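For the protein sequence lines, the chains are A and B, in the order given.
Here the first sequence is numbered in the working numbering, starting from 10 and rising by one per residue.
Here the second sequence is numbered in the working numbering, starting from 487 and rising by one per residue.
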Amino acid sequence: SSLFVAPHLLILKTCGTTLNLLGLYRIIEIARAYCGYTNVWRCFYSRKSFFFPERQHGPHRDWRDEVDFLDKVFGTAGAAYTVGPMNRDHWLLYLTSPNTQPRLPYDSKLPSSLIAAPPSSSPPAAILPTKYQDTTLEILMSYMDPKARAPFFHTEEQTSSTPGHELGQIISSKLGIDELFPKDETTLDSFGFDPCGYSANAVIGTGMPEASHVEGKPGGGYFTIHVTPEEGWSYASFECNVPLPITSSSTKPPAVEGRPTLQKLIRNVVGIFQPCRLSITLFVSTTASGSGDSASSVLGASETEARAWQSFGTDLLGGDFVRKDRIGYEFDGYDLVFACFEKK
Amino acid sequence: TTDFPPAPQHDEIIVPDSAPVTSPGPFEGPEKLLEVWFAPSLNQLPDVPESSLSGGLRARAAREEGEKWKGLRRVPREVWEEMLDIVKCKVLSVVEGEELDAYLLSE
Numbered sequence: 010s011s012l013f014v015a016p017h018l019l020i021l022k023t024c025g026t027t028l029n030l031l032g033l034y035r036i037i038e039i040a041r042a043y044c045g046y047t048n049v050w051r052c053f054y055s056r057k058s059f060f061f062p063e064r065q066h067g068p069h070r071d072w073r074d075e076v077d078f079l080d081k082v083f084g085t086a087g088a089a090y091t092v093g094p095m096n097r098d099h100w101l102l103y104l105t106s107p108n109t110q111p112r113l114p115y116d117s118k119l120p121s122s123l124i125a126a127p128p129s130s131s132p133p134a135a136i137l138p139t140k141y142q143d144t145t146l147e148i149l150m151s152y153m154d155p156k157a158r159a160p161f162f163h164t165e166e167q168t169s170s171t172p173g174h175e176l177g178q179i180i181s182s183k184l185g186i187d188e189l190f191p192k193d194e195t196t197l198d199s200f201g202f203d204p205c206g207y208s209a210n211a212v213i214g215t216g217m218p219e220a221s222h223v224e225g226k227p228g229g230g231y232f233t234i235h236v237t238p239e240e241g242w243s244y245a246s247f248e249c250n251v252p253l254p255i256t257s258s259s260t261k262p263p264a265v266e267g268r269p270t271l272q273k274l275i276r277n278v279v280g281i282f283q284p285c286r287l288s289i290t291l292f293v294s295t296t297a298s299g300s301g302d303s304a305s306s307v308l309g310a311s312e313t314e315a316r317a318w319q320s321f322g323t324d325l326l327g328g329d330f331v332r333k334d335r336i337g338y339e340f341d342g343y344d345l346v347f348a349c350f351e352k353k
Numbered sequence: 487t488t489d490f491p492p493a494p495q496h497d498e499i500i501v502p503d504s505a506p507v508t509s510p511g512p513f514e515g516p517e518k519l520l521e522v523w524f525a526p527s528l529n530q531l532p533d534v535p536e537s538s539l540s541g542g543l544r545a546r547a548a549r550e551e552g553e554k555w556k557g558l559r560r561v562p563r564e565v566w567e568e569m570l571d572i573v574k575c576k577v578l579s580v581v582e583g584e585e586l587d588a589y590l591l592s593e
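Rendered as structure tokens:
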């Protein structure tokens, strides 16, 4: 699981039977108390369909319960979507319209011990704005090949003698996870779990897409990987918001020397985890970019919808996979492209 | 204005600490992903009157204007840890980027 905190946003990604949504109230309280933020600009909640929904707790027992929970906080500002085939790998999304005042179901008051805690301090750093680009890629992979699952299992001897962070580093290096992006701009933090499993967070460059400290250099971002390798319910996820080169003839790519294109990144990730089934979602902010970058144009060689669809097409993963679904959404301020693939 | 439905009762939504959150059996890999944005971008943080901040944070917030540790990044790690207790996660490690903190969590 992972938590990312930037001055203006928080991302909480948790697996297992964690109670992710129950953290929302506290996040809103903390943002009010420490930052004076009374409104939420946008809230997104999404997940793939669970393997074992009956094991979930609280609002996560059912998608309807999760939506009810969020509706109680955001009222009519929220909208819920089910994307993809309901009997296979569907994906669920809840998002709110901009600038909503959330409502908590109790009197908001942080424990005084938390309010009194001293904020951490660090030397100041200037933040220079560059072109804003908010793009998020998520690849959700299941039923991994046994060869791809094997590196994520550890012997008792390994786990007793090697700390989890060291195990994580070994796996990252062995599988080339530390080379998905240029090493000189990657800060990788990974962990190998006992007896199996793996998590990694990486901060690329400066850490946020819309800011760069050196003129002419691209903005940074993050990627995060989580792997559950057990046979029968093996699963790996990859999420990334790092600006990537665009292979468009009409759109000048940002200066992102050494970074893979979107298509190459997807192929590299799928090559590491070798799933039998996967879904890919790409979220692109349309209002913030202000340049006509839609999800479809970022995905492909043209800004026209037809050619974009083609580029996110059956050949994205080569001849080993067949594309089962490709779905596009135009939300208020965001474009979404979703596609499912299965190994032949 | 937003038309909110009635607020839920607290006990409808909070799982008691004694609930068996983890038990032997298969581990659910697919994650729940929550993103909460308080501004559309890093460069568009809302103007917050100092009077709306709690206690001793006001002076600090004023000092930090334009600095790295602004917005949500001024929240101490122990405060996020308390939130993560509710979620049933623990912090394993943290990487501090220039504009982003990345916490690696248990589970």
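Think of the CB as a built atom: it goes at the ideal place given N, C-alpha and C, for glycine as much as any other residue.
Values in this document were obtained by computation on a predicted structure and should not be read as measured data.
Is the closest heavy atom of the ligand HEM to the C-beta of residue 77 of chain A under 7 Å?
Looking at this structure, you won't find the ligand HEM or any other ligand, since it has none at all.
Kindly indicate if chain B contains any beta-carbon less than 8 Å away from that of residue 30 of chain A.
Interface with chain B (8 Å Cβ-Cβ cutoff): residue 30 of chain A is included.
Beta-carbon proximity of residue 591 of chain B to residue 10 of chain A, cut-off 8 Å:
Cβ distance < 8 Å, so residue 591 of chain B and residue 10 of chain A count as in contact.
Backbone CA spacing between residue 558 of chain B and residue 534 of chain B [nearest angstrom]
Roughly 13 Å between the two C-alpha positions.
Would the beta-carbon of residue 581 of chain B fall within 8 Å of that of residue 212 of chain A?
In contact: residue 581 of chain B and residue 212 of chain A (Cβ atoms closer than 8 Å).
Do three or more CB pairs link the segment 54-71 of chain A to the segment 512-530 of chain B at distances below 8 Å?
They touch, by the three-pair rule.
Between residue 568 of chain B and residue 23 of chain A, which are expected to be in contact by the criterion C-beta below 8 Å, what is the C-beta distance as a whole number of angstroms?
A Cβ-Cβ distance of about 16 Å is found for the pair residue 568 of chain B and residue 23 of chain A, leaving them out of contact under the 8 Å criterion.
Is the distance from the Cβ of residue 181 of chain A to the Cβ of residue 199 of chain A below 8 Å?
It is a contact, given that the beta carbons lie within the stated cut-off.
Suppose contacts are defined by Cβ-Cβ distances below 8 Å. Is residue 145 of chain A in contact with residue 248 of chain A by that definition?
Yes, these two residues count as a Cβ contact at 8 Å.
Can you find the residues in the same chain that come closer than 7 Å, C-beta to C-beta, to residue 353 of chain A, ignoring five residues on each side of it along the sequence?
For residue 353 of chain A, where only same-chain residues beyond five positions count, the Cβ hits under 7 Å are 329, 330 and 331.
If you measure from the beta carbon of residue 159 of chain A to each beta carbon in chain B, is any gap under 8 Å?
Not closer than 8 Å to any Cβ of chain B, the Cβ of residue 159 of chain A fails to qualify, so no.
Interface residues of chain B around residue 16 of chain A at Cβ under 7 Å?
Going along chain B in sequence order, the residues near residue 16 of chain A (Cβ under 7 Å) are 528, 531, 556, 557, 558 and 559.
Which residue marks the beginning of the beta strand (DSSP E) containing residue 235 of chain A, and which one marks its end?
That run of the beta strand (DSSP E) goes 230-237.
Label residue 343 of chain A either buried or exposed according to how many other C-beta atoms from any shown protein chain fall within 10 Å of its C-beta, with 16 as the threshold for buried.
In this structure residue 343 of chain A is buried. Its beta-carbon is surrounded by 16 or more other beta-carbon atoms within 10 angstroms.
Write down every uninterrupted run of the beta strand (DSSP E) in the segment 173-212 of chain A whose length is 3 residues or greater and which is fully enclosed by it, in chain order.
For the segment 173-212 of chain A, whole beta strand (DSSP E) runs of length 3 or above, ordered along the chain, are 195-201.
Close-in-space but distant-in-sequence residues of the same chain around residue 64 of chain A (CB under 7 Å, 5 per side omitted):
So the list reads 26, once near-sequence residues are dropped.
According to a CB-to-CB cut-off of less than 7 Å, which residues of the segment 199-218 of chain A neighbour chain B?
Going along the segment 199-218 of chain A in chain order, one finds 200, 208, 210, 212, 215, 216 and 217 with a Cβ nearer than 7 Å to chain B.
Measure the alpha-carbon distance for residue 79 of chain A versus residue 73 of chain A and round it to whole angstroms.
Looking at the backbone, the Cα of residue 79 of chain A and that of residue 73 of chain A are separated by about 10 Å.
Report yes if the CB atom of residue 236 of chain A is closer than 8 Å to the CB atom of residue 206 of chain A, and no otherwise.
Between residue 236 of chain A and residue 206 of chain A, the gap from beta carbon to beta carbon is short of 8 Å.
By a C-beta neighbour count over all protein chains shown, 10 Å radius and 16 as the cutoff for buried, is residue 177 of chain A buried or exposed?
Result: buried.
What are the start and end residues of the alpha helix (DSSP H) that includes residue 280 of chain A?
Counting along the chain, the alpha helix (DSSP H) containing residue 280 of chain A begins and ends at 271-282.
Can the beta-carbon of residue 420 of chain A be found closer than 8 Å to that of residue 268 of chain A?
Beyond the ends of chain A as shown, which are 10 and 353, falls residue 420 of chain A; an answer cannot be given.
Is it right to say residue 86 of chain A is buried, meaning 16 or more other beta carbons lie within 10 angstroms of its own, or is it exposed?
By the 16-neighbour rule on beta-carbons within 10 angstroms, residue 86 of chain A is buried.
Contacts of residue 20 of chain A in chain B (Cβ-Cβ under 9 Å):
Correct list: 519, 520, 521 and 522.
Please go through the segment 43-99 of chain A and give each complete alpha helix (DSSP H) segment of 4 or more residues, from N-terminal end onward.
Those alpha helix (DSSP H) runs which fall completely within the segment 43-99 of chain A and span 4+ residues are 72-83.
If distances are taken between C-alpha atoms only, which option among A/110, A/107 and A/155 comes closest to residue 241 of chain A?
It is A/155.
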